[in-house]
Amino acid sequence: MTGALAGKAGVITGGASGIGYGLAEAFQGAGADVALFDLVDSAAAAERLGGSALGLGGDVTDDVRVAEAFSEVLERFGRFDFLVNSAGIRYQAPFAEHPIDAWRRTIDVNVTGTFICSQAAAKLMIDRGGGKILNVGSIAGQLALTERSAYNTSKGAVAALTRSIAAELAGSGVRCNSIAPGVIETPLSARYFEDPEMREVLTGNTPQGRWGQVSDLAGPAIFLCSDASEYVQGETLFVDGGWNAAKGY
Ligand SMILES: NC(=O)c1ccc[n+]([C@@H]2O[C@H](COP(=O)([O-])OP(=O)(O)OC[C@H]3O[C@@H](n4cnc5c(N)ncnc54)[C@H](O)[C@@H]3O)[C@@H](O)[C@H]2O)c1
């Protein structure tokens with residue numbers, strides 16, 4: 001993927017940690033200028049990345065701050081070619097006891113945040129003849145992971161939002177797709193790997209026999225944000241070692 005994003009610039013939300021940070025490293029390696037937009041630690045993460053990386057603080061649910069930050073990116077890099085919506089949260093509770101506040105915040109960050117950032121990016125992209133939006137969904141958008149009703153719902157909505165943006169903005173040159181990772185080793189999922197029973201569930205459900213690493217997402221994400229995927233529109237690409245393909249008996 002060396003050079004696949006040469007001369008491109010854009011934003012990765014949730015870029016200070018986990019998948020977002022790993023993709024930022026990979027995008028830089030592919031030649032891009034990258035801005036990290038995150039609630040916490042964005043400046044430190046940008047410093048760690050080095051090069052032209054820019055750290056921007058803010059909440060994806062704050063439309064005013066998002067618009068301001070994305071304008072800063074355009075000013076700094078002189079272009080705005082891609083947006084990766086990786087900021088996300090997950091809450092675990094049995095359905096009957098799921099706190100409504102946690103439901104609301106999950107939908108707000110994972111769905112409304114993706115909407116707000118995509119809308120702000122789309123305005124800049126349309127003015128410049130196009131761009132790529134990549135949403136980070138999940139296998140949870142397709143499968144009912146136990147005790148994650150808000151999270152599962154939010155990721156199903158991300159797939160629907162991906163199709164909506166793709167269908168509406170195709171004529172403006174904006175491409176919108178999604179990746180749906182299986183379980184990936186990051187701070188968000190760290191607890192899973194400490195639990196021997198959960199480790200077995202994860203490997204047992206994955207035909208490839210292992211859970212994922214952030215590096216497994218780099219190639220698919222770069223492809224979907226590069227000119228190599230120009231005719232791919234509104235798709236959700238499962239990057240899950242075969243988990244979704246193998247569901248059933
Ligand atoms: N790790 C997995 O197994 C896995 C699997 C499938 C999908 N995902 C999705 O990938 C994305 C990234 O997850 P991760 O594992 O890297 O988690 P993570 O917790 O390591 O990183 C998430 C980042 O998003 C930021 N963030 C959270 N709320 C925010 C907000 N309101 N505004 C701005 N930034 C905010 C956090 O500060 C954090 O830096 C999420 O959307 C998650 O649902 C993760």
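Numbering of the sequence shown is given in this note's numbering, commencing with residue 1 and proceeding in unit increments. Cβ coordinates follow ideal geometry from the N, Cα and C atoms, glycine included. Quick caveat: nothing in here was measured; it's all calculated off a predicted structure.
Supposed close pair Gly-31, Gly-10 - CB separation, criterion 8 Å: In fact, because the Cβ distance is near 12 Å, the residues do not count as touching under 8 Å.
Output yes or no for whether 8 Å exceeds the beta carbon distance between Gly-58 and Arg-65. yes
For Thr-2, does the count of other Cβ atoms within 10 angstroms reach 16, so buried, or fall short, so exposed? exposed
Range covered by the beta strand (DSSP E) that runs through Val-239: 236-239
So which of Asp-216, Gly-20, Arg-191 and Ala-102 has the shortest CA-CA distance to Ser-154? Ala-102
Reference Gly-182, options Ala-160, Glu-168, Ala-150 and Ala-144, closest by Cα: Ala-144
When you compare the CB positions of Phe-70 and Ala-120, do they come within less than 8 Å of one another, or not? yes
Tell me which residues share the same chain as Ala-157 and place their Cβ nearer than 7 Å to its Cβ, disregarding the 5 neighbours each side in the sequence. Val-111
Per-residue burial, Ser-42 [other beta carbons within 10 Å of its own, 16 or more giving buried]: buried
Just to confirm, is the Cβ distance from Arg-175 to Val-232 under 8 Å? yes
In the structure shown, what three-state DSSP assignment does Leu-74 receive? helix
Considering only the beta carbon of each residue, do Ala-87 and Val-73 sit closer than 8 Å? no
Leaving aside the five residues before and after Phe-95 along the sequence, list all residues of the same chain whose C-beta is less than 7 Å from its C-beta, in chain order. Ser-149
If the criterion is Cβ atoms closer than 8 Å, does the pair Asp-33 and Ser-52 meet it? yes
Through-space distance from Gly-141 to Gly-242, alpha-carbon basis: 15 Å
Given the structure, does Ala-67 come close to ligand 1, in the sense that its CB is under 7 Å from one of the ligand's heavy atoms? no
When the distance is taken between beta carbons, is Ala-221 closer than 8 Å to Leu-134? yes
Neighbourhood of Leu-5 by C-beta, 7 Å cutoff - its chain only, sequence neighbours within 5 removed: Phe-27, Ala-30, Gly-31, Ala-32, Ile-222, Cys-225 and Ser-226
Between Ala-16 and ligand 1, is there a pair consisting of the residue's CB and a ligand heavy atom that are separated by less than 7 Å? yes
Please classify Lys-252 as buried or exposed, where buried requires at least 16 other C-beta atoms within 10 Å of its C-beta. Not covered by the structure: residue 252. The range shown for the chain is 1 to 249.
Which residue marks the beginning of the alpha helix (DSSP H) containing Gly-22, and which one marks its end? 18-29
Confirm the yes/no value for this check: CB of Pro-187, any heavy atom of ligand 1, distance under 7 Å. yes
With H, G and I counted as helix, E and B as strand and the rest as coil, what does DSSP make of Leu-49? helix
Pairwise C-alpha distance: Ala-167 and Leu-188: 31 Å
What's the call for Ala-45, buried or exposed, on a 16-neighbour Cβ count within 10 Å? buried
Assign Ala-24 to buried or exposed, taking buried as 16 or more other Cβ atoms, counted over all protein chains shown, within 10 Å of its Cβ. buried
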